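The numbering of the sequence shown is my numbering, which starts it at 7 and goes up by one. Glycine residues also receive a C-beta, built at the ideal position from the N, C-alpha and C atoms. If you're wondering where the values come from, they're calculated on a predicted model, not measured in any experiment. A quick write-up on the structure given underneath.
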Amino acid sequence: MLRSALICRRRLYSTIPFDNKPFKFSRFEPCCPDSAKVAANGYVPCQAHPIPDVLGRKIEIHEPMVRPSGLRHVVACIGPDALEWTRAKVEAHPGGIIHSIDHLKNRWLKGNKPTHDDKAILSTVANRPASSKTTDIIVFPEFKIYKDVDPNRLETFYPVLDTMWKDASSSLPKHVECDDMQADAFILVCTHGRRDMRCGRIGPLIVEEFERVIREKGLTRKIEVWGTSHFGGHKFAGNVIIHQRGLGGHMYGNVRQCHVADIVDRHIIHQRVIKDLWRGQVTPIQL
Numbered sequence: 007m008l009r010s011a012l013i014c015r016r017r018l019y020s021t022i023p024f025d026n027k028p029f030k031f032s033r034f035e036p037c038c039p040d041s042a043k044v045a046a047n048g049y050v051p052c053q054a055h056p057i058p059d060v061l062g063r064k065i066e067i068h069e070p071m072v073r074p075s076g077l078r079h080v081v082a083c084i085g086p087d088a089l090e091w092t093r094a095k096v097e098a099h100p101g102g103i104i105h106s107i108d109h110l111k112n113r114w115l116k117g118n119k120p121t122h123d124d125k126a127i128l129s130t131v132a133n134r135p136a137s138s139k140t141t142d143i144i145v146f147p148e149f150k151i152y153k154d155v156d157p158n159r160l161e162t163f164y165p166v167l168d169t170m171w172k173d174a175s176s177s178l179p180k181h182v183e184c185d186d187m188q189a190d191a192f193i194l195v196c197t198h199g200r201r202d203m204r205c206g207r208i209g210p211l212i213v214e215e216f217e218r219v220i221r222e223k224g225l226t227r228k229i230e231v232w233g234t235s236h237f238g239g240h241k242f243a244g245n246v247i248i249h250q251r252g253l254g255g256h257m258y259g260n261v262r263q264c265h266v267a268d269i270v271d272r273h274i275i276h277q278r279v280i281k282d283l284w285r286g287q288v289t290p291i292q293l
């Protein structure tokens, strides 16, 4: 079963529309370099978009950063003030949504065997406010949002989890109430400072730049941008995931503020995946 799942993921990878046009920047390259201050790791400060040099010198810009492709991304919308943000690992907060889901999955595994490996489903939290006092959960690639999910009462959401755990490529159950997301693209930037200060400091700057560019292009109704928890590879900061209808979900690394306008142009507007910064496919276009 795992072999067939890997073959399926390789097939999905082969259909990724990589951009034939060379990207304007290499990994973590600045737009306005201060060449007099090049660090031993290759980090070059940017005069237009400064970051603390002590963090820049800890960014890895040479090692391979592509990770295995996934099938689904589950995003729990907990708002900016949730207690999960005070933990290095959001799943370590007792009573939090990820902690509760992990606990339920451990029980589920005692009597079930998943088709796919653990990397098929990525789970993170985002600072997007929930529509109620509980949690909203967004599932990609379907762009479906399940509202008012109580971490202490997961019974109503359990059919969705059960379906994904059994086979991550299965269709979501239709009897569980959900809504379609209004956005055409959903951008998540790792801002998880309690886990690592590289993303903790660089991530919010990237969020602000995405918001500025999207606002200037009049795309605020079509694109959402939020901070998210750790999803791997802090040494490759800044880390970005973009889910887009018709393109699937893709992860980028070594992103700087300098790159944002061109990412919006190439990835979102022209729907081309930028291989220079690409870290892997988070979800396919559809399942």
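- L128: member of the beta strand (DSSP E) spanning I127 to A132, first to last residue.
- Within the segment 156-218, the runs of alpha helix (DSSP H) that reach at least 4 residues and sit entirely inside it are, in chain order, 164-172.
- Within the DSSP bridge table, the entry for D142 names C83 as partners.
- Contact between F31 and C196 fails: their C-beta atoms lie close to 19 Å from each other, not under 8 Å.
- Separation of G101 and T141 (C-alpha to C-alpha, rounded to the nearest whole angstrom) is 12 Å.
- Residue state for H68 is assigned as coil, using DSSP reduced to three classes.
- 8 Å or more divides the Cβ of V261 from the Cβ of G76.
- Following the DSSP letters along the chain, one finds R285 inside the beta strand (DSSP E) bounded by residues W284 to T289.
- Taking a 10 Å sphere around the C-beta of L89, we find fewer than 16 other C-beta atoms and assign the residue as exposed.
- DSSP lists C52 as the beta-bridge partner residues of P39.
- Note on geometry: alpha-carbon atoms of V155 and I143 lie some 7 Å from one another.
- For Q250, the number of other beta carbons within 10 angstroms of its own is at least 16, and it is reported as buried.
- The C-beta of I57 has 16 or more other C-beta atoms within 10 Å across all chains shown, which makes the residue buried.
- With a beta-carbon spacing of about 31 Å, G48 and H79 fall beyond the 8 Å limit used to define contacts.
- Annotation: S235 to D40 spans about 31 Å, alpha carbon to alpha carbon.
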